[in-house]
Each structure stands twice: as structure tokens, then as C-alpha cells.
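Worksheet for the structure shown next.
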Amino acid sequence: MQVYKLQLLDISSNVIFGNIPSFIFSLPFLKYLNLAANQLSGSLSVNVSCSSSLAFVDISHNLLVGKLPSCISSKGSNRTTLYAGNCLTTRRLNGQHPSSYCKKVEALAVKPPHRSQQKESEMQLGLILGIVGGIVGTAGFLVLFILCIFKKSKAEKADSNYNQDISADDKFSVPAYPTSNINASKDIIIIVIIN
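The sequence shown finishes on residue 195 if you use the numbering used here, and the numbering steps up by one all the way, no holes.
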């Protein structure tokens, strides 16, 4: 995988947690990096080096602690950096939470879901599966119903064609004499002549 050719990375507003890997800031072609509104935690290495092509960095609204690396916070570069809503300790940074806030939220993020939440999600899954099953069952019934109607109409059409053929044969058939007439014509008359 050729990550070093990456130019834009936006994974903002997800539930991604863990530490931000340091190498991501130094990818040579990366211009836009947006990691905002996740649950990324830990501290960024102060010695992180940033690529010269990196023009935009947004790490705001995460659970980051410690100091902001100098390559991200440097005012002299043409880089826009957003970092509010973390627990960073640099004095001149505004909009930061106390470090206890990030530790508390991080602990809640890692904590397994409460039993009632798990039961509720299982109920929602069951409801979704029930709806999907009902739709599939109804569609299957409709398909079978249409096939039955199609077969019935095909059979009726075949019967009507057969009846038409029979009636056409009746029009051209020679009427048969009753059996009694045929037997009567076969009577033999014996004449006896005496001299």
C-alpha cells in the first residue's frame, strides 16, 4: 500500500480512538489532514516533523493531551491548524478542556456498553431483521402468486385452442350412421325355389 502518495485524508466525525501515528504529518504529498471530532487520545510527539506540502491540519474536538508539536503550531508557515476542544497544555492555546476531562471521556469511550444499551441494540437488530424477513417473504409470495396466475392463464389458453381445434374438426367430419341402421342393411333374405 502506497500511503506516502496520499494527498488528502479526512476521517473526521467518526468514532475513531487511539493515538495519532506521528508519521502521518510527514507524508510527503499530504496537503489536507482532517482528524476532527473523533476520540483520538494521547499526546503528540513534540519532535514530529511536518511535510512542507501540508497546508491544513484539523485535530480539533478529540481527547489529545500534552503540548502541540512545533511544526503544527508554528505561526510562520502557510499552514492552517485547528486544535480546539482537546486537553492540550500549551499556554497560548484557547478552547482547551482540563486534562481530567479527556481522561474521563477516554475512560467512558473504552468502557463496554451498558447491558440495557446492548439489549436495546439487540432489539433494534431483531426489529430490522423482522422487517427485512417480512419484505422478503411478501415478495416471495407475490412472485409465486404471479407465477400461478400465469400458468393458469396459459393452461386456459391451451384448452381454448384445443376446443377450437375440435369444433373445427366437427365441422368437416362426415356424420356416422347409427349402428342399428348398418346392421339392418346386412339382413340376408333367403329365397328357396322348389320345382
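The beta-carbon is built from N, C-alpha and C at its ideal position, and this holds for glycine as well.
The model shown is predicted, which means the values in this text are computed figures rather than measured ones.
- Spanning the alpha carbons of Ile11 and Tyr4 requires a straight line of approximately 17 Å.
- With contact defined as three or more Cβ pairs closer than 8 Å, the stretch 85-103 and the stretch 116-135 are not in contact.
- C-alpha of Leu127 to C-alpha of Ala139: approximately 18 Å in a straight line.
- DSSP, reduced to helix, strand and coil, places Gln124 within a helical segment of the structure shown.
- In this structure, DSSP gives Phe29 a state outside helix and strand, which the three-state scheme calls coil.
- Counting every other CB atom within 10 Å of its CB across the protein chains shown gives Glu106 a total of 16 or more, marking it as buried.
- By DSSP's assignment, Phe17 forms a beta bridge with Gln39.
- Runs of the alpha helix (DSSP H) lying entirely within the stretch 39-114 and spanning at least 4 residues, in chain order: 70-73 and 99-110.
- Taken atom to atom, the span from the alpha-carbon of Asp159 to that of Lys151 is near 12 Å.
- About 6 Å separates the CB atoms of Val46 and Lys67; that is less than 8 Å, so the two are in contact.
- Non-local C-beta neighbours of Cys50 in its own chain, meaning closer than 6 Å and more than five positions away in sequence, comprise Phe25 and Cys71, ordered along the chain.
- Just measuring C-alpha positions, the residue of Leu30, Leu63, Ile59 and Lys31 sitting nearest Gly42 is Leu63.
- Annotated three-state conformation of Leu129 is helix, per DSSP.
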